[in-house]
Amino acid sequence: MMRLILLGPPGAGKGTQAGLLKKRYSIPQVSTGDILRQAVAEGTPLGIQARSYMGKGVLVPDEVVIRIVRERLKKPDCEKGYILDGFPRTVVQAQAFEAMDEPLDHALSLEVQEEELVRRLTGRRICETCGALFHIDFRLPRDSGICDQCGGRLSQRDDDREETVRRRLEVYRAETASLMDHYARRGILWRVEGQGTVQEVFRRILEVLEGAEARRSGRRSS
Ligand code: AMP
């Protein structure tokens with residue numbers, strides 16, 4: 433059983449690393465951004481409500497995302513743990529999550545400098561069909577504009593345009609950065625250098641997690 437939270441600014445690599453962790457530990461990745469984007473694509477009432485916030489790069493209201501997460505975590509695939517990616521983003525969300533009585537094991541913070549974040553986000557391309565991620569400098573698809581995994585069309589997320597990216601980074605500093613203290617005080621925050629290749633960052637995460645798990649089981653048996 434492992435319940436993880438990935439923290440860090442937009443573009444830090446949360447989605448990418450959550451995808452690798454999901455395979456490694458066979459637990460689902462719960463991404464509020466993905467759930468919301470899907471609702472927007474399907475034009476559901478949730479999507480219609482979320483769309484204007486997302487397009488501007490600001491946060492969707494707390495009660496909306498809290499409801500999404502509460503429903504998602506009730507599904508049977510979450511019984512053995514999960515990786516939360518993009519939630520919580522405010523102290524109110526963190527408190528609501530605590531009230532769901534799902535004890536967290538680790539919060540990993542991916543740390544990347546701002547200019548690198550802008551470069552990663554503005555160059556990012558996403559498959560319109562399956563959500564796979566590509567990048568115009570770091571991860572080109574085999575055929576230009578086409579997803580390697582499913583053949584879907586690649587496009588830029590509306591909120592990955594430079595102006596919106598800057599706004600999302602401001603929102604992160606103003607509303608989300610303080611969560612680091614929240615988890616540091618609980619003794620479960622692990623800071624991981626997020627620069628470097630995907631595999632380098634993943635290795636650092638595994639080292640941190642394995643060390644933290646070993647200490648945890650040491651405490652349990654002593
Ligand atoms: P992401 O894919 O995590 O970068 O999220 C994309 C957008 O979805 C954000 O800019 C927000 O508008 C919205 N969003 C995702 N997760 C949350 C959350 N936990 N709280 C509020 N808004 C969110």
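Here the sequence shown is numbered in my numbering, starting from 433 and rising by one per residue.
Backbone N, C-alpha and C fix where the C-beta goes; we use that ideal spot for every residue, glycine too.
query                                                                                                       : result
CB-CB length for G487 against M434, believed under 8 Å                                                      : Not a contact, Cβ separation roughly 34 Å.
Contact the stretch 566-579 vs the stretch 532-542: 3+ CB pairs below 8 Å                                   : no
Three-way DSSP call (helix, strand, coil) for G487 in this model                                            : helix
Cβ shell of G555 (< 8 Å), same chain only, five flanking positions each side left out                       : H567, I568, D569 and F570
Outcome for P477 when other beta-carbon atoms lying within 10 angstroms are tallied against a minimum of 16 : exposed
Through-space distance from P520 to A606, alpha-carbon basis                                                : 14 Å
Three-state secondary structure assigned by DSSP to E594                                                    : helix
Where C562 falls, given that 16 or more other Cβ within 10 Å makes a residue buried                         : exposed
R599 beta carbon near the ligand AMP (any heavy atom closer than 6 Å)                                       : no
Helix, strand or coil at L439 [DSSP, three-state]                                                           : strand
Reference T464; option with closest CA among E625, L453, A564 and G447                                      : G447
Secondary structure of D517, DSSP reduced to three states                                                   : strand
Rounded distance between the beta-carbons of D517 and L438, thought under 8 Å                               : 5 Å
Which listed residue (V490, P460, V624 and E642) has its alpha carbon closest to that of D592               : V490
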